[in-house]
Ligand SMILES: Cc1cc2nc3c(=O)[nH]c(=O)nc-3n(C[C@H](O)[C@H](O)[C@H](O)COP(=O)(O)O)c2cc1C
């Protein structure tokens, strides 16, 4: 059994395994979460929400809190510019019944940071303490924080941040092994994560320590665990178009879906998309990025990808994929002979539409 296939407690919350899906703005909606949960993700999160938007009772932000009836365990993440506003949002999210609440201290997006949210807090360590302490006082549910190594390489302060969040009583912390100023072309720094995990180990027996960054397969998850001493991994880009990553990490060996398994999951994702967003043009537009990610790593897929990138309804998407399936050998294993895998320097922003920032920077946080 793989290390990751062991249950873990976050505070009093039982989590069935140690492979989590990160909150992903514009991506971790109900349809995608359901697919990741079915393929093994032990914990999943709603996309990052804005505390400012919550304080304005923003309708869209409240809609994003929706939970599917099959989601027995679900986390949520929030970010805000002032401690009291985050604490208020935590009270609201607690009231909505989320099983665990995370405070985002790592988002690098310019408009988010410009509004004092996300990784802006890493420049103001006192605010880290105030934010976590006041959030802690607002909920008895498991509370966590997710952050980067520091704001810049010259200002790495991950050990101090870790000390602060643990002293303010978080149940879990997640470290992404890059600084705010580093892009995906800088490889995740496992030594930086390790230094945070050591602080965690020394300060608390029960805090859950999570590593994040460049987990794209079982071997990178295993390397993250062995080299940093983390208790669990959080998968981000590695799950885009590849939700099988959860089964692979849990199996503890390299695994690829058969063509039939692949096809079945893509069709299911489309059905969940229709169930959640309806049979609308918007539903198809929101699905496009997933369809493009799913069709990476196949022979002669440029034509099919061009078509999927323009679909205006999901019935059309099904037809395109069925037609493509007829032309693809049933025993084809994805990525064999193709190097379009999502790897280290892949930045989805280049391919994604403006929906990437949905719910993050556009609700009262643009200024
Ligand atoms: C499309 C996208 C959306 C993201 N949204 C969030 C978010 O809402 N909250 C968060 O903490 N991190 C977010 N992240 C950052 C990831 O969770 C993660 O920290 C980062 O991508 C590093 O992990 P990776 O190298 O495995 O992708 C996002 C990343 C991507 C690619």
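In this note's numbering, the protein residues as written are 90 to 456. Cβ atoms here follow ideal geometry from the backbone N, Cα and C, with glycine treated the same way.
Contact test: residue i Cβ vs ligand 1 heavy atom, cutoff 6 Å
i	result
residue 233	no
residue 325	yes
residue 116	yes
residue 271	no
residue 157	no
residue 136	yes
residue 213	no
Check whether residue i and residue j have beta carbons under 7 Å apart
i	j	result
residue 301	residue 263	yes
residue 323	residue 296	no
residue 138	residue 150	yes
residue 193	residue 159	no
residue 327	residue 305	yes
residue 279	residue 317	yes
residue 339	residue 93	yes
residue 394	residue 381	yes
For residue i, the three-state DSSP class (helix, strand or coil)
i	result
residue 417	coil
residue 304	coil
residue 281	helix
residue 211	helix
residue 348	helix
residue 287	helix
residue 92	helix
residue 403	helix
residue 108	strand
residue 433	coil
residue 447	Because residue 447 carries a pLDDT of 38, less than 50, the predicted location of this residue cannot be relied on, and the following value inherits that uncertainty. Coil at residue 447, not helix or strand.
residue 276	coil
Span separating the alpha-carbon of residue i from that of residue j
i	j	result
residue 42	residue 419	Nothing about residue 42 can be reported from this structure: the residues present for the chain run from 90 to 456 only.
residue 171	residue 221	11 Å
residue 437	residue 273	10 Å
residue 218	residue 344	42 Å
residue 361	residue 119	8 Å
residue 457	residue 215	No answer is possible for residue 457: it lies beyond the span of the chain, which begins at 90 and ends at 456.
residue 417	residue 319	40 Å
Which residues DSSP lists as bridging residue i, in chain order
i	result
residue 190	165 and 232
residue 134	164
residue 298	262
residue 269	The partner list for residue 269 (beta bridge, DSSP) is empty, contrary to what the question assumes.
residue 119	Answer is none; residue 119 lacks a bridge partner.
residue 103	98
residue 245	239
residue 355	Paired residue(s): none; residue 355 is not in a bridge.
residue 321	299
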